[in-house]
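Under the numbering used here, residues -14 to 371 are what the sequence shown spells out, in order. Ideal placement from N, C-alpha and C gives every residue a C-beta, glycine not left out.
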Amino acid sequence: MTEPLPPLSSRARSLAAVGQASSWAIADEGLRRVAAGEDILLLTLGDPVCPPHPAIVAATKAGLDAGRTHYTPLHGEPALRSAIARTEGCEHGHVMVMPGAQHAGLAVLTLIVGEGDEVILSDPFYATYPGVVAATGATAVRVPARADLSTDIEAIAAAISPRTRCLFLNSPANPGGTALSPADYVRLSELCEQHNLWLVVDEVYSHFRFDGQDVRAWQHGPRGRTVSINSLSKSHAMTGYRVGWAIAPERLIAALGDWCAAALFGVCQFVQDAAVVALSLPDSELADYRLAFRNRATHVVARANALQGLSAAMPAGGMFVMLDCRGVEPDDQRFARRLLDEAQVGVVPGSGFGAGGRGHVRISLTPEVETLDRAFDRIAKFIPQA
-14 MTEPLPPLSS RARSLAAVGQ ASSWAIADEG LRRVAAGEDI LLLTLGDPVC PPHPAIVAAT
46 KAGLDAGRTH YTPLHGEPAL RSAIARTEGC EHGHVMVMPG AQHAGLAVLT LIVGEGDEVI
106 LSDPFYATYP GVVAATGATA VRVPARADLS TDIEAIAAAI SPRTRCLFLN SPANPGGTAL
166 SPADYVRLSE LCEQHNLWLV VDEVYSHFRF DGQDVRAWQH GPRGRTVSIN SLSKSHAMTG
226 YRVGWAIAPE RLIAALGDWC AAALFGVCQF VQDAAVVALS LPDSELADYR LAFRNRATHV
286 VARANALQGL SAAMPAGGMF VMLDCRGVEP DDQRFARRLL DEAQVGVVPG SGFGAGGRGH
346 VRISLTPEVE TLDRAFDRIA KFIPQA
């Protein structure tokens, strides 16, 4: 008789229950259809289509040629930690190099929350956040955003309980495109100090502020309680490099070193070499790349608002526009499915980002304007039949 196989843990069941894969089901199907040769226009993923700056590519090759393929210090190469500190306006000792912002978020939350704790998210949120919280054993508390999808600080205040340990936010936000203001940080700081909470802010879109502001968590958040997460994936078109960081109080940085020893043992040398070069590039070298996202956002908003039944607001920043489709089809999953099947345009249903995203679809600004126009031409033909 065959013995029963050992079970998976409760964490595995919690992750499965979150259903992260379902958020990307239509996007994944679009990718499969493109690979099969279908003429699908994908407005789904926040993966820049352009290559990294030539200096970054050259540094990557030079590092490989120089044999920079060995273990690194657990907290990151000193040169990269210093470069990040200069960029973020913090001390070297507050920097932890990680393989991307996603891993940084998981590591940070694992070390500050656990079983029985609560983590507050502003809904809509980035689709992986509930999974990150579930992986720690904590419970995600989803607080509805305002009608314009901006973070409702007073609703967060009302949701804080004795079990709350962390506020996990995103600014500029994916998918909503909204951003926290200095006044928001004043109130968030009051709440964190009053209730002894951590404030963790994902700032991977901080270089894509369309409103001209630059409001960072480390400068505006509560001292000793703030963690900023960032990476080069979006700011420097380096998604595949998997390099990011956490800026945190030194006691958490020390714990992150222990995490690194247990989890991955450092980000590879040649990637960190390329990251140093990326952070040394003058803003003028990246200005056109970043400005293009604002221009595409303006263009997409105009195209959307010209179509009956659709509407969109100009985001404060990021790489996406949330398109309100309720005037055509209240069910965003059905709308996205029909767009893929009937118009050959791939978008991401807003409900994959929480209840606050229902009735919307997320449009990526990574394609060139010509591709966006072709997609909206197809959407315009589809709408009368919807």
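Rounded C-alpha distance that separates Asn215 from Gly116: 19 Å
Can you give me the C-alpha to C-alpha distance between Arg403 and Ser(-6), rounded to a whole angstrom? There is no way to answer for residue 403, as the model of the chain reaches only from -14 to 371.
Out of Leu49, Ala119, Gly331 and Pro(-11), which one is the CA nearest neighbour of Ala2? Ala119
Can you name, in chain order, every residue of its own chain whose Cβ lies under 7 Å from the Cβ of Val262, other than the five neighbours on each side? Ala40, Ile41 and Ala44
Hey, out of Asn159, Glu314, Gly122 and Arg227, whose CA is closest to Ala(-3)'s CA? Gly122
The alpha helix (DSSP H) spanning Arg127 covers which residue range? Not the alpha helix (DSSP H): Arg127 falls in the beta strand (DSSP E), residues Thr124 to Pro129.
Complete beta strand (DSSP E) runs within the region 157 to 229 (minimum length 3 residues, chain order): 183 to 187 and 211 to 216
Which value, in whole angstroms, describes the spacing of the CA atoms of Val104 and Gln370? 43 Å
From Leu173, Gly337, Lys366 and Val256, pick the residue whose C-alpha is nearest to that of Glu62; which is it? Val256
Rounded to the nearest angstrom, what separates Phe250 and Met83 at their Cα positions? 10 Å
Inter-residue spacing [alpha-carbon to alpha-carbon] between Glu322 and Leu26: The residue you asked about is not Glu; residue 322 is Arg in the sequence shown. In a straight line, the C-alpha of Arg322 is about 13 Å away from that of Leu26.
Mind checking Val185: buried by the 16 CB within 10 Å criterion, or exposed? buried
Using only alpha-carbon positions, find the residue among Asp326, Glu73 and Thr54 that is nearest to Gln204. Glu73
Does the Cβ of Gln179 have 16 or more other Cβ atoms within 10 Å, making it buried, or fewer, making it exposed? exposed
In the DSSP assignment, find the unbroken beta strand (DSSP E) run with Val117 in it and report its ends. Per DSSP, Val117 belongs to no beta strand (DSSP E); it is in the alpha helix (DSSP H), Tyr114 to Thr121.
For Arg131, collect the residues of the same chain with a Cβ closer than 7 Å to its Cβ; drop the 5 residues on either side in sequence, then sort them by chain order. Asp137
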